[in-house]
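In the numbering used here, the protein residues as written are 246 to 407.
#1: Excluding the five sequence neighbours on either side, which residues of its own chain have a C-beta within less than 8 Å of the C-beta of residue 269, listed in chain order?
#2: How would you call residue 359, buried or exposed, if buried means at least 16 neighbouring beta carbons within 10 angstroms?
#3: Can you have a look at residue 230 and say buried or exposed, based on whether 16 or more other CB atoms are within 10 angstroms of its CB?
#4: Of all the beta strand (DSSP E) runs that stay within the bounds of the stretch 261-298, which reach a length of 3 or more residues?
#5: Thinking residue 325 and residue 356 are a contact (beta carbons under 8 Å), I'd like their distance in whole angstroms, please.
#6: How many angstroms separate the CA atom of residue 389 from the CA atom of residue 396?
#7: Identify which residue in 294, 329, 262 has its Cα closest to the Cα of residue 306.
#8: Measuring only the C-alpha atoms, how far is residue 334 from residue 271?
#9: I need the boundaries of the beta strand (DSSP E) containing residue 408, first residue and last residue.
#10: In angstroms with no decimal places, state the Cα-to-Cα distance between residue 311 and residue 263.
#11: Can you tell me the Cα-Cα spacing of residue 246 and residue 313, whole angstroms?
#12: Give the DSSP-derived three-state secondary structure of residue 366 in the structure shown.
#13: Thinking C-beta only, is residue 254 closer than 8 Å to residue 308?
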């Protein structure tokens with residue numbers, strides 16, 4: 246394993262850091278009250294990764310088993326207990342626990358604890374997951390589309406349900 250080829254060729258570095266204060270409003274609020282903070286989108290990282298804070302209320306929520314063909318997904322639990330499916334078993338993950346799922350890896354997550362929970366979701370490379378999250382929020386308000394439109398939505402967003 247070696248470092249990737251350089252992508253910056255300057256001699257003095259640049260002032261280019263971004264800052265998001267802790268009190269920033271979430272970019273997305275679901276009808277359930279769950280929220281998503283777009284900490285770093287694929288667009289803002291030049292496609293290298295996406296990082297999102299997923300905040301769940303006490304009501305059970307989360308996707309069923311699925312996999313992605315083009316992106317890996319990682320979970321870092323911040324608060325509460327989140328059940329993570331690793332393809333062969335469910336793990337009750339608690340603050341500080343980390344789970345990495347490579348491309349093709351079966352996974353799911355749920356908050357079934359009855360208490361709020363939050364975690365970081367990391368996608369690599371940085372696919373435009375915001376469109377997927379926002380589409381799901383819209384379906385919760387307007388209703389699920391027909392099977393053909395839903396299948397196209399999942400395919401466009403690299404979600405393969407089991």
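Each residue gets a CB set at the ideal place from its N, CA and C atoms; glycine is no exception.
So, to answer that:
#1: Sequence index remark: in the chain shown, residue 269 carries index 24 (1-based). Cβ neighbours of residue 269 beyond the five flanking positions: 282.
#2: Working through the chain shown from its first residue, we reach residue 359 at position 114. Exposed, by the Cβ-count rule.
#3: Shown here, the chain extends from 246 to 407; a query on residue 230 therefore has no answer.
#4: 280-285
#5: As a first step, residue 325 is located in the chain shown; it is residue number 80 there, counting from the start. As a first step, residue 356 is located in the chain shown; it is residue number 111 there, counting from the start. Contact flag correct, Cβ pair sits at about 7 Å.
#6: For the purposes of this step, residue 389 is identified with residue 144 of the chain shown, where counting begins at 1. For the purposes of this step, residue 396 is identified with residue 151 of the chain shown, where counting begins at 1. Going from the Cα of residue 389 to the Cα of residue 396 covers about 11 Å.
#7: By one-based count along the chain shown, residue 306 stands at place 61. Per the Cα distances, 329.
#8: Working through the chain shown from its first residue, we reach residue 334 at position 89. Working through the chain shown from its first residue, we reach residue 271 at position 26. The straight-line gap from Cα to Cα measures roughly 31 Å.
#9: Any question about residue 408 goes unanswered here, given that the chain covers just 246 to 407.
#10: Locating residue 311 in the chain shown gives position 66, where the first residue counts as 1. Locating residue 263 in the chain shown gives position 18, where the first residue counts as 1. The straight-line gap from Cα to Cα measures roughly 33 Å.
#11: On the chain shown, position 1 is the one that residue 246 refers to. On the chain shown, position 68 is the one that residue 313 refers to. About 24 Å.
#12: Indexing the chain shown from 1 puts residue 366 at position 121. Strand at residue 366.
#13: As a first step, residue 308 must be located in the chain shown, where it is residue number 63. As a first step, residue 254 must be located in the chain shown, where it is residue number 9. For residue 308 and residue 254, no; Cβs fall outside 8 Å.
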